[in-house]
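Sequence order for the protein chains is A and B. So in full-length UniProt numbering, spot 56 of the first sequence is number 56, and the numbers just go up one at a time. So in full-length UniProt numbering, spot 169 of the second sequence is number 169, and the numbers just go up one at a time.
There are 2 protein chains.
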Amino acid sequence: MEQVARQSSRLATWHALREATLRLVAERGFAAVTVDDVAAAAGTSRRTFFNYFPTKAAALFDPEPELAGRLQRLTEEAPVTDDAWADLCWICASFVRWGPPDTLHVYRQVAESGELSDYPVQIHRHLEEALEAWAARRFPGDPLHARQLAATAGAALVAAFRTWDPATPAGEFVRLADRALAAVTVRRAGTEET
Amino acid sequence: MEQVARQSSRLATWHALREATLRLVAERGFAAVTVDDVAAAAGTSRRTFFNYFPTKAAALFDPEPELAGRLQRLTEEAPVTDDAWADLCWICASFVRWGPPDTLHVYRQVAESGELSDYPVQIHRHLEEALEAWAARRFPGDPLHARQLAATAGAALVAAFRTWDPATPAGEFVRLADRALAAVTVRRAGTEET
DNA sequence: GAGTGATTTGCACTCAGTGCAAGGCCCTAG
DNA sequence: CTAGGGCCTTGCACTGAGTGCAAATCACTC
Numbered sequence: 001m002e003q004v005a006r007q008s009s010r011l012a013t014w015h016a017l018r019e020a021t022l023r024l025v026a027e028r029g030f031a032a033v034t035v036d037d038v039a040a041a042a043g044t045s046r047r048t049f050f051n052y053f054p055t056k057a058a059a060l061f062d063p064e065p066e067l068a069g070r071l072q073r074l075t076e077e078a079p080v081t082d083d084a085w086a087d088l089c090w091i092c093a094s095f096v097r098w099g100p101p102d103t104l105h106v107y108r109q110v111a112e113s114g115e116l117s118d119y120p121v122q123i124h125r126h127l128e129e130a131l132e133a134w135a136a137r138r139f140p141g142d143p144l145h146a147r148q149l150a151a152t153a154g155a156a157l158v159a160a161f162r163t164w165d166p167a168t169p170a171g172e173f174v175r176l177a178d179r180a181l182a183a184v185t186v187r188r189a190g191t192e193e194t
Numbered sequence: 001m002e003q004v005a006r007q008s009s010r011l012a013t014w015h016a017l018r019e020a021t022l023r024l025v026a027e028r029g030f031a032a033v034t035v036d037d038v039a040a041a042a043g044t045s046r047r048t049f050f051n052y053f054p055t056k057a058a059a060l061f062d063p064e065p066e067l068a069g070r071l072q073r074l075t076e077e078a079p080v081t082d083d084a085w086a087d088l089c090w091i092c093a094s095f096v097r098w099g100p101p102d103t104l105h106v107y108r109q110v111a112e113s114g115e116l117s118d119y120p121v122q123i124h125r126h127l128e129e130a131l132e133a134w135a136a137r138r139f140p141g142d143p144l145h146a147r148q149l150a151a152t153a154g155a156a157l158v159a160a161f162r163t164w165d166p167a168t169p170a171g172e173f174v175r176l177a178d179r180a181l182a183a184v185t186v187r188r189a190g191t192e193e194t
């Protein structure tokens with residue numbers, strides 16, 4: 001029961017590490033920052049860093065602790081209409097309207113630098129996993145369709161993200177995301193051939 | 001002019017390294033194979049390995065030297081109709097019909113093992129880059145649309161790949177890919193809002 | 001047979017990531 | 001107040017990826 005203090009101190013360390021990572025990477029670029037730098041800047045040891053994040057990249061991209069819950073709630077509140085793709089778009093549209101997206105700028109910077117070639121996966125892995133779980137629940141008999149729904153939505157968001165001009169406010173990114181999502185339709189092809 | 005022997009020996013080394021990588025990874029899994037192992041198995045030194053591949057993963061995923069040219073040719077031969085998405089699907093459908101896809105099985109194995117979390121990018125990075133170049137040429141004024149076309153096609157192929165049962169012949173994968181591609185439509189939303 | 005250029009290799013180094021075991025901190029129970 | 005039990009932190013030592021550098025080697029030319 002007295003985990004509260006524990007928990008909050010754990011959270012505090014987590015945020016200290018994340019913040020240090022964001023700041024240092026924004027200043028110097030991903031490759032030029034070592035884990036030792038981050039740990040020192042956050043006031044912990046190198047070994048502790050790896051108690052919180054499995055990877056240097058994870059410190060940049062792992063979702064904030066609250067985020068999982070929020071995503072969960074979003075997928076529960078999502079409308080359920082005939083048009084699964086539209087419902088999915090609702091989730092995505094809600095999702096991109098959240099963030100305190102200081103991170104967005106750092107992510108773009110990392111993306112453009114070409115260090116960390118797999119940034120697109122990193123960025124939206126957790127979103128896409130949540131979408132896929134949602135779709136899998138909805139189409140338990142058609143894993144191809146479920147995966148494609150999630151992947152297509154992810155593709156739209158990444159395309160929007162890459163096209164977004166980081167000099168403009170984050171609202172611009174939201175507009176691009178809406179546009180991309182609206183441009184696509186994913187039908188459900190029957191399992192049998194036509 | 002006498003580069004021929006040079007070239008072919010370079011090619012031979014390249015293929016020796018790739019083959020050794022594929023074989024060892026298939027046997028032991030990605031994580032359990034070291035670069036030293038691969039280099040030794042290919043009869044070269046560790047340092048030479050890195051002259052050919054920037055990364056251990058690259059030895060698994062970098063496209064065969066011919067592949068770039070073939071992709072190039074595919075994007076040139078592609079039909080040019082009113083429906084850009086359909087043209088793109090033609091490219092993708094042709095592409096997945098090629099392979100000597102021993103690699104497909106190894107890739108699946110690596111994917112399932114969970115080592116190498118970014119396998120989806122790795123697998124189709126080069127395809128998606130080619131598609132994006134094609135789309136960018138076609139829609140020079142609409143980078144969002146170009147990127148989304150390529151990314152959506154990539155998403156369909158990855159979904160198909162992940163759904164494919166590796167116990168079945170590779171032709172099954174082709175069928176799934178066709179189905180996924182056919183299920184999607186990407187329209188071009190005007191730059192101005194509706 | 002010497003020279004030129006590309007390729008190979010060894011060496012030494014940095015840094016990511018991991019396992020292990022010791023230490024410290026906070027709380028609870030006696 | 002003290003003893004003990006978890007959890008968290010830390011240091012240490014180790015493996016392995018990836019890189020820069022310089023020597024050596026090879027293939028071919030003149």
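Where a beta carbon is used, it is the ideal one built from N, C-alpha and C, also for glycine. A quick note: this is a predicted structure, and the numbers were derived from the prediction, not measured.
Beta strand (DSSP E) containing B/V174: first to last residue?
For this step, residue 174 of chain B is matched to residue 174 along the second sequence. Segment A170 to A183 is the alpha helix (DSSP H) holding B/V174; no beta strand (DSSP E) there.
Which of helix, strand or coil DSSP assigns to B/V33:
Taking the second sequence and counting its residues from 1, the one referred to as residue 33 of chain B is at position 33. Correct three-state label for B/V33: coil.
Going along chain B, which residues have a C-beta under 7 Å from A/D118?
On the first sequence, residue 118 of chain A is found 118 positions in, with the first residue counted as 1. Going along chain B in sequence order, the residues near A/D118 (Cβ under 7 Å) are D118 and V121.
Out of A/V186, A/Y52 and A/A20, which has the shortest C-alpha to C-alpha gap to A/L11?
For the purposes of this step, residue 11 of chain A is taken as the residue at position 11 of the first sequence. Among A/V186, A/Y52 and A/A20, the Cα nearest to that of A/L11 is on A/Y52.
CA-to-CA distance, B/S9 to B/Q3, given in whole angstroms
Within the second sequence, the letter at position 3 stands for residue 3 of chain B. Within the second sequence, the letter at position 9 stands for residue 9 of chain B. With a pLDDT of only 38 at B/Q3, under 50, the local geometry of the prediction cannot be trusted, and the value read off the model is given with reservation. When the Cα atoms are used, B/Q3 and B/S9 turn out to be separated by approximately 10 Å.
Secondary structure of B/V80, DSSP reduced to three states
By one-based count along the second sequence, residue 80 of chain B stands at place 80. If DSSP states are grouped into helix, strand and coil, B/V80 belongs with coil.
Is the region 104-112 of chain A close to the region 25-36 of chain A, with three or more CB pairs under 8 Å?
yes
Looking at A/T152: is its Cβ nearer than 8 Å to the Cβ of A/V186?
Here residue 152 of chain A is taken as the residue at index 152 of the first sequence, counted from 1. Here residue 186 of chain A is taken as the residue at index 186 of the first sequence, counted from 1. Cβ atoms of A/T152 and A/V186: closer than 8 Å.
Residue burial classification, B/T21 (beta-carbon count within 10 angstroms, cutoff 16):
Along the second sequence, one-based indexing puts residue 21 of chain B at 21. By the 10 Å Cβ count, B/T21 comes out buried.
For B/V186: DSSP bridge partner residues
On the second sequence, residue 186 of chain B is found 186 positions in, with the first residue counted as 1. Beta-bridge pairing by DSSP links B/V186 to A/V184.
So, at 7 Å on beta carbons, what are the nonlocal neighbours of B/G43 in its own chain, with the 5 sequence-adjacent residues on each side left out?
Mapped onto the second sequence, residue 43 of chain B falls at position 43. If we look at B/G43 and ignore the five residues flanking it on each side, its Cβ neighbours are A16.
Cα-Cα, which of A/A182, A/A41, A/W14 and A/F30 is closest to A/D118?
Locating residue 118 of chain A in the first sequence gives position 118, where the first residue counts as 1. Among A/A182, A/A41, A/W14 and A/F30, the Cα nearest to that of A/D118 belongs to A/F30.
For B/V80, collect the residues of the same chain with a Cβ closer than 7 Å to its Cβ; drop the 5 residues on either side in sequence, then sort them by chain order.
Mapped onto the second sequence, residue 80 of chain B falls at position 80. Only D87 meet the Cβ criterion.
Between B/L88 and chain A, is the shortest Cβ-Cβ distance under 8 Å, so that the two count as touching?
Residue mapping note: residue 88 of chain B aligns to position 88 of the second sequence, counting from 1. Not a single CB atom of chain A sits nearer than 8 Å to the CB of B/L88.
What are the start and end residues of each continuous alpha helix (DSSP H) run of 4 or more residues lying completely inside the region 91-144 of chain B, in chain order?
102-113 and 119-138
8 Å Cβ cutoff met for B/P143 and B/A136
Here residue 143 of chain B is taken as the residue at index 143 of the second sequence, counted from 1. Here residue 136 of chain B is taken as the residue at index 136 of the second sequence, counted from 1. Taking the C-beta atoms as reference points, B/A136 is found nearer than 8 Å to B/P143.
Please confirm whether A/T163 has its beta-carbon closer than 8 Å to some beta-carbon of chain B.
Residue 163 of chain A sits at position 163 when you count from the first residue of the first sequence. Taking Cβ atoms only, chain B reaches closer than 8 Å to A/T163, which makes this a yes.
Just to confirm, is the Cβ distance from A/A159 to B/Q148 under 8 Å?
Position 159 of the first sequence, counting from 1, holds the residue named residue 159 of chain A. Position 148 of the second sequence, counting from 1, holds the residue named residue 148 of chain B. Cβ atoms of A/A159 and B/Q148: closer than 8 Å.
Have a look at B/A59 and B/A40 and give me their C-alpha separation to the nearest angstrom.
Here residue 59 of chain B refers to the residue found at position 59 when the second sequence is read from its first residue. Here residue 40 of chain B refers to the residue found at position 40 when the second sequence is read from its first residue. Answer to the nearest angstrom: the Cα atoms are 14 Å apart.
Would a C-beta distance cut-off of 8 Å place A/L181 and A/C92 closer than the cut-off?
By 1-based counting over the first sequence, the position of residue 181 of chain A is 181. By 1-based counting over the first sequence, the position of residue 92 of chain A is 92. Taking 8 Å as the Cβ cut-off, A/L181 and A/C92 qualify as a contacting pair.
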